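Peer 1: Below you will find the structure I want to go over with you.
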Amino acid sequence: DFRSNTDFFPMTEDEVQASKVPWAARYMRSDRNHLANTEKYNAICWENRKDVKPDAKQDDKVGSQVGWHPGFRAHQWSGRIYALIILEGLKRALQTWEEGITKEGFPLPESYWHVGETYQTVREKLRTHVNDPPKDGGGQEIKSACERFAAHVPRICRLAMQGYGMWHPKIDGRNLLDIIKPAPNGYKPYYSNSQQYTTFDLLPHVQAVPDDQVDVHAIAIATTNLAPDLNHDWNEEGGVAPSSRRWLREISEKALRRSFHIEEKKDIPSVLYPELMDPRELQSEQDVVPGRGWDIVAFGDGPSALEYCDGSTMATCGKYPGSSCLGLGHNDHHVGVVGTPLSGWLVFNVPKVKEGIILIRMEWWCGATPKMVTDWNEVNGGKTLDTTPWNETNTEINMRRLGKPTPDQVIPNDLKMDIAINGSIVHTMDRKEWIEYINEPSKNCATWPLMNDYKMAKKEDFEGEDVEVAIRFHSDEKPKLGLC
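The sequence shown begins at 2 in my numbering and counts up by one.
Laid out in structure tokens, this is it:
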């Protein structure tokens with residue numbers, strides 16, 4: 002690993018000699034482990050400022066500053082290596098452009114700088130490979146690892162899926178709370194607090210580059226030039242170009258239309274499980290009423306406030322009330338919605354469903370119970386249709402679970418989950434069927450299929466349609482079991 006090669010760094014012998022070593026190289030090599038570990042971290046929880054007074058005592062330093070974590074100097078070293086690789090790539094690109102202008106004149110032909118044709122070629126090859134899978138010796142199609150795992154909805158392996166969530170960091174506006182339909186009294190899960198402040202944090206003095214040392218960041222951003230006014234339009238046919246994302250999506254969809262013969266041969270129903278649906282179970286739209294017993298659950302230390310956490314240095318995270326380390330700025334937050342069999346329906350309005358697939362990610366092991374459900378003995382506390390406006394209360398749950406229990410420890414034998422599409426129950430999963438989906442292809446990413454309508458995906462010139470999808474749980478054995 003080139004990042005671990007530090008043999009060419011000068012040795013740091015003591016604090017006095019370290020001042021003669023370039024700042025970025027200090028303490029990267031030392032025979033004195035104590036000395037290196039002492040200078041390994043520089044993250045603190047608070048830098049005093051005039052405009053903000055924390056509502057809780059601040060810790061001296063950020064937690065987890067332990068021996069097995071790399072520390073800021075190792076991260077700085079890795080970042081500069083990656084930066085050099087990127088700079089080398091930019092250098093070669095500029096050389097290619099210079100040669101192209103010399104050879105073909107100005108302006109530089111699009112083939113030198115636009116990757117549209119390359120994207121098209123790569124995507125077409127991928128779609129062709131996936132949609133015409135190889136056969137084994139017996140003539141059976143060889144499934145990919147994804148298709149073997151997602152046997153219930155194999156189409157997801159060759160589709161660009163879109164989703165709504167609450168985990169941070171996230172870079173777009175697809176917040177799960179935005180598509181949850183409120184109960185008749187206006188309630189739906191919400192962040193109960195505001196951030197203490199939303200302005201940027203001050204640079205801690207201990208992190209400042211000394212005046213007599215090279216400040217790479219200051220050099221990189223230093224300029225007296227205004228941002229150029231570039232024309233990003235491009236179209237291989239000429240004329241006005243659509244956005245690049247839209248154009249690439251259209252290319253992808255041309256190949257996607259060829260994929261559905263694989264699904265159709267398997268006699269997959271147009272809506273999930275209609276052959277199991279008892280017509281007597283169909284309900285009117287009024288019967289699928291959004292519940293009032295769902296809430297936000299935050300694992301670990303938060304957040305308890307709506308934050309801007311996109312993983313960048315411009316993020317303003319971890320500023321929630323009561324925090325003892327406001328300077329942490331941690332973007333990695335595990336947040337979700339939790340409910341119980343007493344919480345009623347959780348209803349989503351999912352916009353522009355185009356491929357006919359809706360999955361829901363759940364954590365069967367979370368075990369949290371919304372506070373408002375604690376004293377309930379019936380669904381929605383017996384107030385399903387009550388329209389009395391709800392009063393804002395802080396019901397949010399913060400929890401920490403150090404290990405996952407087994408399904409037998411958590412999931413009751415009588416658990417059932419109803420699935421409703423556009424106001425009608427289309428299927429009810431019992432426990433046996435429900436636990437078939439608890440396996441995780443990646444950590445905390447078990448998904449349950451709510452809709453699989455391949456006929457929707459076959460529509461030509463179709464921009465998608467809004468779908469109301471809802472779930473609710475039943476259990477007399479554990480009516481207050483929390484499922485996230």
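For glycine and all other residues, C-beta sits at the position ideal for the given N, C-alpha and C. Computed from a predicted model, the values in this text were never measured in an experiment.
(1) Does the Cβ-Cβ distance between isoleucine 359 and leucine 451 come in under 9 Å?
(2) For the alpha helix (DSSP H) containing isoleucine 222, list its first residue and its last residue.
(3) Provide the residue span of the beta strand (DSSP E) that contains phenylalanine 474, from first to last.
(4) What's the call for glutamate 308, buried or exposed, on a 16-neighbour Cβ count within 10 Å?
(5) Within its chain, find whatever has a CB closer than 6 Å to the CB of glycine 368; leave out the 5 residues flanking it on each side and keep chain order.
(6) Spatial neighbours of threonine 375 within its chain, please: C-beta separation below 8 Å, excluding the five flanking residues on both sides.
(7) Exposed or buried, which one is glutamate 464 when buried takes at least 16 other CB atoms within 10 Å?
(8) When we look at the beta-carbon of histidine 169 and count the other beta-carbons within 10 Å, is it buried (16 or more) or exposed?
(9) Could you pull the DSSP bridge partners for leucine 360 from this structure?
(10) Going by beta-carbon coordinates alone, are arginine 74 and arginine 27 separated by less than 9 Å?
(11) Helix, strand or coil for alanine 421? Go by DSSP, reduced to three states.
(12) Where does isoleucine 86 fall in DSSP's three states?
(13) Kindly list the residues whose CB is nearer than 6 Å to the CB of tryptophan 295, restricted to its own chain and excluding five residues on each side of it in sequence; keep chain order.
(14) Let me know the alpha helix (DSSP H) ranges lying completely inside the region 147 to 228, each 4 residues or longer, listed in chain order.
(15) Got a sec, what are the start and stop residues for the alpha helix (DSSP H) proline 408 sits in?
(16) Report buried or exposed for isoleucine 87, applying the criterion of at least 16 other Cβ atoms within 10 angstroms of its Cβ.
(17) Would you kindly report the start and end of the unbroken beta strand (DSSP E) that includes valine 17?
(18) Counting only the same chain and skipping the five closest in sequence on each side, list residues whose C-beta sits under 6 Å from that of glutamate 441.
(19) Excluding the five sequence neighbours on either side, which residues of its own chain have a C-beta within less than 6 Å of the C-beta of serine 253, listed in chain order?
(20) Less than 9 Å between the C-beta atoms of threonine 224 and valine 53, yes or no?
(21) Quick one: what does DSSP say threonine 317 is sitting in, helix, strand or coil?
(22) Taking the alpha-carbon positions, what's the histidine 321 to histidine 334 distance?
(23) By DSSP's criteria, leucine 347 is part of a beta bridge. Which residues make up the other side?
(24) Residue range of the beta strand (DSSP E) that histidine 335 falls in?
(25) Restricting to Cα atoms, I'd like to know which of Asn49, Pro371, Pro183, Gly357 is closest to glutamine 163.
(26) Just verifying my parser: in three-state terms, what is the DSSP assignment at isoleucine 436?
(27) Valine 63 by DSSP, collapsed to three states: which one?
(28) Suppose the cutoff is 6 Å on Cβ atoms and the five residues either side in sequence are ignored; what does the same chain contact list for aspartate 431 look like?
(29) Kindly give me the distance between the Cβ atoms of valine 468 and valine 380, rounded to whole angstroms, as I take these residues to be in contact under 8 Å.
(30) Work out the CA separation of valine 154 and glycine 140 for me, nearest whole Å.
(31) Just confirm the distance between the C-beta atoms of proline 205 and glutamate 48, as a whole number of angstroms; I'd bet it's less than 8 Å.
(32) Does the separation of the CB atoms of arginine 293 and alanine 471 fall below 9 Å?
Peer 2: By the coordinates alone:
(1) yes
(2) 217 to 222
(3) 466 to 475
(4) buried
(5) Gly483
(6) Lys481
(7) exposed
(8) buried
(9) Pro450
(10) yes
(11) strand
(12) helix
(13) Pro190, Val338, Gly340, Ser344, Leu347
(14) 217 to 222
(15) 408 to 411
(16) exposed
(17) Taken as a continuous stretch (DSSP letters only), valine 17 belongs to no beta strand (DSSP E), being part of the alpha helix (DSSP H) at 16 to 19.
(18) Ala447
(19) Because serine 253 carries a pLDDT of 45, less than 50, the predicted location of this residue cannot be relied on, and no value is offered for it.
(20) no
(21) strand
(22) In the sequence on display, residue 321 carries tyrosine and not histidine. Looking at the two C-alpha atoms, the distance is approximately 12 Å.
(23) Ile472
(24) 335 to 339
(25) Gly357
(26) helix
(27) coil
(28) Lys417
(29) Actually they are not in contact, since the Cβ atoms of valine 468 and valine 380 sit about 24 Å apart, beyond 8 Å.
(30) 22 Å
(31) 5 Å
(32) no
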